[in-house]
Every structure is written in structure tokens, then in C-alpha cells.
Amino acid sequence: MPLTAIWIASALIALIAEFYSGTFYLLVVAVAMLCGGVSAWLGASEASQYVIASIAGVIGVALVYAYKRQHPSTAAQPRADDPDLGQPVQILHASPAGHVRVQYRGAAWDASPVDGAALEAGATAYIVGRDGNLLKISSTQPEQ
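Sequential numbering from 12 applies to the sequence shown in the working numbering.
Below, the structure written as C-alpha cells:
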């Protein structure tokens, strides 16, 4: 099998893996392998192909890293389509340090109050956001 075909096949495998992972880094790897394949097709030596693919990969990773630093993720911000927002929860117990345990959907969840209100066991609070599995709660119901 010609080296060009190996480069292109490897790029396609990395591209397919990128579709499943959702990261741009595998896309960079696929583009770098494609650069190696193009250099092989143009007749570059095998060592030159590796160098070209490596340089393309390093430049691509640096570009993705710079882009991600300039455009931080919005995962910590509440999503408007989150069905949990505005839902009531029952306070199971609250510590003075701000750690709150709530009952929601038949399970106990860790929560953090966002409005600084003193929450007591048995009180009702409302979900205003999430940070992973940590519910952000408020003593007042958010507007919807």
C-alpha cells in the first residue's frame, strides 16, 4: 500500500473518531495527517512527510488552544432549555458553611445557595443553575 494511502486512511480514522468525541484536537490530528498525505503525494521523502505532519499538528493544536482561551466555555452558565431550572427542591439539611443537601426527583443532591439566604431544613428552594451535579439554588423562584 502506498504511503499516501496510509496517511489518508489514518486521517479518515482520526476524523471519524473526532465525530464521536466532539473535540477539535482530533480534527487537528486528521488535518496534520492529511498534510503528511499531501506531501507524500507530492513526492516528499518519508522523513519530510513526518516533519510536515508534525509541524502541522503543533501549529493546529496551538491555534485550537489559543481559540479556547479567547472563547471560554459557557458550560457553567445556565441553559435556557434546561428543564430543571425553576423547579422546587426541599431542603433536607443545611450547614452554616453553605453546604446544602436537597431532595429533588426522588434523590438527595448537593446544592449551593446563590443568594446567601439562610436556608432551613424543610424549606423550599428553587433551582437557578447547575455546575455539574451541584445544584445552584435560590430562596426565591426565578422568572421564566
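All C-beta atoms in this analysis are idealised placements derived from N, C-alpha and C, irrespective of residue type, glycine included.
Per-residue burial, ALA51 [other beta carbons within 10 Å of its own, 16 or more giving buried]: By 1-based counting over the sequence shown, the position of residue 51 is 40. ALA51 should be labelled buried.
Are LEU145 and ASP121 closer than 8 Å when you measure CB to CB? Counting from 1 along the sequence shown, the entry for residue 145 is found at position 134. Counting from 1 along the sequence shown, the entry for residue 121 is found at position 110. Yes, the pair counts as a contact, with Cβ atoms nearer than the cut-off.
Just to confirm, is the Cβ distance from ALA41 to ALA22 under 8 Å? The residue you call residue 41 lines up with position 30 of the sequence shown. The residue you call residue 22 lines up with position 11 of the sequence shown. Cβ distance < 8 Å, so ALA41 and ALA22 count as in contact.
From the DSSP output, in three-state form, read off ARG116 for me. The residue given as residue 116 occupies position 105 in the sequence shown. In the structure shown, ARG116 sits in coil (DSSP, three-state: anything other than H, G, I, E or B).
Using DSSP's beta-bridge definition, name the partner residues of ALA73. As a working note, residue 73 is residue 62 in the sequence shown. According to DSSP, which records beta bridges pairwise, ALA73 is partnered with nothing at all.
From ALA136 to TYR31, what distance separates their C-alpha atoms? Locating residue 136 in the sequence shown gives position 125, counting from the first residue. Locating residue 31 in the sequence shown gives position 20, counting from the first residue. Rounded to whole angstroms, ALA136 to TYR31 spans 38 Å at the Cα level.
Backbone secondary structure at VAL125 - three-state DSSP: One-based indexing of the sequence shown puts residue 125 at position 114. Correct three-state label for VAL125: coil.
According to DSSP, is GLY143 part of a helix, a strand, or is it coil? As a position in the sequence shown, residue 143 is number 132, starting the count at 1. DSSP places GLY143 in coil when its eight states are reduced to three.
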